[in-house]
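Visitor: Mind the numbering: the sequence shown is residues 3 to 121 in the working numbering, read in order. Glycine included, C-beta positions come from ideal geometry on N, C-alpha and C.
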Amino acid sequence: MNEFKRFEDRLTGLTESLSPSGRRRLSAELAKRLRQSQQRLVMAQKAPDGTPYVPRQQQSARKKTGRVKRKMFAKLITSRFLHIRASPEQASMEFYGGKSPKIASVHQFRSVGRKPERR
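1. Tell me whether PHE83 is buried or exposed, calling it buried when 16 or more other Cβ atoms sit within 10 Å of its Cβ.
2. Apart from the five residues just before and just after ALA30, which ones in its own chain have a Cβ nearer than 8 Å to its Cβ?
3. Exposed or buried, what is PHE75 when buried is set at 16 or more other beta-carbons lying within 10 Å of its beta-carbon?
4. Return the residue from the list PRO103, LEU20 and ASP11 that minimises the CA-CA distance to PRO90.
5. On the criterion of 16 or more Cβ atoms from any shown chain inside 10 Å, does ARG12 qualify as buried, or is it exposed?
6. In its own chain, which residues sit with a C-beta less than 8 Å from the C-beta of GLN47, not counting the 5 before and 5 after it?
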């Protein structure tokens, strides 16, 4: 814990010496690198903890029109859906547009098949 405190103090000193525009550029660069690392994980079909994705579910014979051969979330990792925001104070990455935030949250929190309780 003490070694992290020294690192944090040094990093705080470095960021405080930057101008607000410099901090924003640094935040943007960190967000871009975070997005790239997440894109690599999704392309490798691995969860953030390194475990492989659960394979696609088999379709019933009645609904089956052909096998889906592409990898899961191929379009979800594009910059069209995976947006980054940067300010001098923070950097963030979020899914944006249509159903993509819902699809991503269902798979992130493994809530497939769960339905909300009725009142």
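Guide: Let me lay it out:
1. Around the beta-carbon of PHE83, 16 or more other beta-carbon atoms lie within 10 Å, marking it buried.
2. Result list for ALA30: ILE86, ALA88 and ALA93, in chain order.
3. With 16 or more other Cβ atoms within 10 Å, it is buried.
4. In terms of Cα proximity to PRO90, the closest of PRO103, LEU20 and ASP11 is LEU20.
5. With fewer than 16 Cβ atoms within 10 Å of its Cβ, ARG12 is classed as exposed.
6. Residues of the same chain with a CB within less than 8 Å of the CB of GLN47, apart from the 5 flanking positions on each side, are PRO54, TYR55, LYS73 and MET74 in chain order.
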